[in-house]
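Numbering (our numbering), first residue to last: -12 to 319. Notes to accompany the following structure.
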Ligand code: CO
Ligand code: ZN
């Protein structure tokens, strides 16, 4: 799976510009699913029909294709580019970082030398090697993402955009490897999560799920002087109980825990005080959808070097396949 993961994280795709990621994923899953389509916003919706009779549900799985990035807002007379954020970009992570525009052009982020205090985006600029506004190839409205290679440290992997290409990799594996299921499984690769869960909102309306799971990353509390957080790298998929935007359906959470226990998959519970996922907008779509979320613990989230544990990734695939292989009784 590492080769697929590497291709996914190294593909260019900030929110609103997911085309290259979508094409890669479509080519990967098309043969493994019964149907696929792309909706008006650009969500890739893939469908696997039930393989056997009996109490199946329409289950939506969501992983977002987009990554955080920046967008040019102004080019000065010397050719330096000012920019705004696409999604959660923290000024502290930016000085010296490289960004890549859609045509492959690279720029380096600098900070005004005389700026003081906490860094802000307004003090930052991108140097693309231009000498004037006229010879600057970057125009207002051009988007870019962080440029950083994938590194395989063995058990741990480092890359930009594990948020949420690691979720996409897991969802691809689930759609490929799920053999036996009573459910209609709809794998949705969503757009524009990082700017407000927008792709999940429209795709959930169209898919009308009876049950849903998001697959996304979560923060950990296992680095030096970290805030107290229960999640750790290498302790298995994190089954979400709560984040800032949603409370998981208690029965969905419980069934995920039961599945993990039955299959002896290491797992942990997630309570995240910041951030949320596509699960939030799916849960409140239409008349409401029982929704949960399986998270991959990730260090250095929203920096150009996010870190995950490979065993957590493999165990997340196992957990979701196990969950979908049998009946799902919500007791309603
Ligand atoms: Co994110
Ligand atoms: Zn995410």
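For glycine and all other residues, C-beta sits at the position ideal for the given N, C-alpha and C. As the structure is a prediction and not an experimental result, all values here were calculated from the model.
If you look at residue 297, you'll find it isn't in any beta strand (DSSP E); it sits in the alpha helix (DSSP H) that goes 297 to 312. The beta carbon of residue 199 is closer than 8 Å to those of 46, 47, 48, 49, 191, 266, 269, 270, 276, 277, 278 and 279 in its chain, skipping five residues each way along the sequence. Every alpha helix (DSSP H) stretch that sits fully inside the stretch 6 to 84 and reaches 4 residues is listed by chain position as 6 to 16.
Assignment of residue 237 by DSSP, reduced to helix, strand and coil, places it in the helix class.
Taking the Cα positions, residue 134 is about 20 Å away from residue 178. By the neighbour-count definition (other C-beta atoms within 10 Å, threshold 16), residue 93 is an exposed residue.
Assigned with DSSP and collapsed to three states, residue 189 falls in helix.
Ranked by Cα distance from residue 184, the options 118, 3 and 292 are led by 3. DSSP places residue 315 in no alpha helix (DSSP H); its state is neither H nor E.
Looking only at 144, 65 and 78, the smallest Cα-Cα distance to residue 56 is reached by 78. Put simply, the backbone Cα of residue 65 is about 35 Å away from that of residue 145. Taking a 10 Å sphere around the C-beta of residue 127, we find fewer than 16 other C-beta atoms and assign the residue as exposed. Pairing residue -4 with residue 137 gives a Cβ-Cβ distance under 7 Å.
Taking the CA atoms as reference points, residue 108 sits about 27 Å from residue 7.
By the C-beta density criterion, residue 285 is buried, having at least 16 other C-beta atoms within 10 angstroms.
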